[in-house]
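Report on the structure given below.
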Amino acid sequence: QGQLVESGGGLVQAGGSLRLSCVASGRTFSGYAMAWFRQAPGKEREFVARISWSGATIYYADSVKGRFTISRGNAKNTVYLQMNSLKPEDTAVYSCAVAVGWTTYDYWGQGTQVTVSS
Numbered sequence: 136q137g138q139l140v141e142s143g144g145g146l147v148q149a150g151g152s153l154r155l156s157c158v159a160s161g162r163t164f165s166g167y168a169m170a171w172f173r174q175a176p177g178k179e180r181e182f183v184a185r186i187s188w189s190g191a192t193i194y195y196a197d198s199v200k201g202r203f204t205i206s207r208g209n210a211k212n213t214v215y216l217q218m219n220s221l222k223p224e225d226t227a228v229y230s231c232a233v234a235v236g237w238t239t240y241d242y243w244g245q246g247t248q249v250t251v252s253s
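Numbered as in our numbering, the sequence shown ends at 253 without a single skipped number.
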């Protein structure tokens with residue numbers, strides 16, 4: 136088994152910043168890419184960012200490019216999402232997951248709420 140636990144969400148004004156963390160426990164996910172997703176009320180879950188095991192390959196959704204930065208901790212079991220210049224439309228539950236395939240994700244965390252007020 137293994138699990139992911141997210142933290143760092145909260146309420147912030149538009150233009151503000153938050154840093155989300157995702158810690159893996161129970162097993163190592165050596166060699167796996169990891170990603171952040173988000174789901175706003177009444178909307179489908181959408182991809183936010185993905186980072187390879189080495190950190191050398193990163194992808195972002197167009198909606199967050201230039202504002203969000205994904206990174207991995209030195210121990211590789213932690214993934215961060217630095218979110219700057221937040222907008223009300225960034226309001227959602229943010230979850231992390233392990234990329235077990237190119238488009239397949241597993242070991243979803245419970246999510247952390249991010250609310251951006253205007």
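Beta carbons: idealized from backbone N, C-alpha and C, even for Gly.
So is Trp171 buried or exposed if we call it buried at 16+ other beta carbons inside 10 Å?
By the 10 Å Cβ count, Trp171 comes out buried.
Would you call the CB atoms of Gln248 and Val235 closer than 8 Å?
Taking 8 Å as the Cβ cut-off, Gln248 and Val235 do not qualify as a contacting pair.
What would DSSP say about Asp225, mapped onto helix, strand or coil?
Secondary structure of Asp225 (DSSP, three-state): helix.
Grab me the residues of Ser252's own chain with a C-beta within less than 6 Å of its C-beta, minus the 5 sequence neighbours each way, in chain order.
Around Ser252, the same chain offers Gln148 as residues with beta carbons nearer than 6 Å, after the five sequence neighbours per side are excluded.
Can you tell which of Gly201, Trp188 and Gln136 has its C-alpha closest to the C-alpha of Gln217?
The closest CA to that of Gln217, considering only Gly201, Trp188 and Gln136, is found on Gly201.
Cross-strand partners of Asp197 (DSSP beta bridge):
According to DSSP, which records beta bridges pairwise, Asp197 is partnered with nothing at all.
Beta-bridge partners of Gln138, as assigned by DSSP:
Answer is Ser160, bridged to Gln138.
Consult DSSP for Ser189 and reduce its assignment to one of helix, strand or coil.
Ser189: coil per DSSP, three-state reduction.
Between Tyr215 and chain B, is there a C-beta pair that is closer than 8 Å?
Structure shown: chain B not included; a single protein chain is present.
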